[in-house]
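Notes follow once the structure below has been shown.
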Amino acid sequence: MFPAKDPAGPWSEAIWLPFEGIDPSLYWEGGKACIVNNRAPNEPPRYDGLRAIWVQEYDWRAGRMVGPSTQIVNGGVDLATKPVWIEGPHLLRHDEYAI
6 MFPAKDPAGP WSEAIWLPFE GIDPSLYWEG GKACIVNNRA PNEPPRYDGL RAIWVQEYDW
66 RAGRMVGPST QIVNGGVDLA TKPVWIEGPH LLRHDEYAI
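Here the sequence shown stands for residues 6 to 104, where the numbers follow this note's numbering.
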């Protein structure tokens with residue numbers, strides 16, 4: 006991540022986000038941030054390429070993860086189709102839901 010007060014810059018030096026996995030996405034709400042990302046599921050994968058989506062609170066002021074990481078999706082909608090490499094997770098606010 007490259008923090009900046011203005012998206013046009015200047016930016017700071019790179020800050021490595023302290024989590025496992027790939028494809029991080031920041032979700033902001035009420036002054037708090039969470040990192041949503043892709044990594045291995047919390048159980049042995051049932052087939053090659055099975056991945057999970059995880060979310061964990063991120064203290065952006067201290068640059069550290071807070072509390073437990075929670076698996077929110079394991080593999081996709083229909084595991085019978087053996088979806089692989091679910092990627093690019095994002096959460097967005099819609100009414101009272103984060104989707």
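All C-beta atoms, glycine included, are put in the ideal place defined by N, C-alpha and C.
Just so it is clear, the structure is predicted and the values come from calculations on it, not from any experiment.
query: Counted within 10 angstroms of its Cβ, other Cβ atoms place N43 as buried (16 or more) or exposed; result: buried
query: L31, DSSP secondary structure in three states; result: strand
query: Proximity below 8 Å, CB of W65 to CB of A103; result: no
query: Nearest-angstrom beta carbon gap, P29 and I40 [assumed within contact, 8 Å]; result: 5 Å
query: Where the beta strand (DSSP E) through A38 begins and ends; result: K37 to R44
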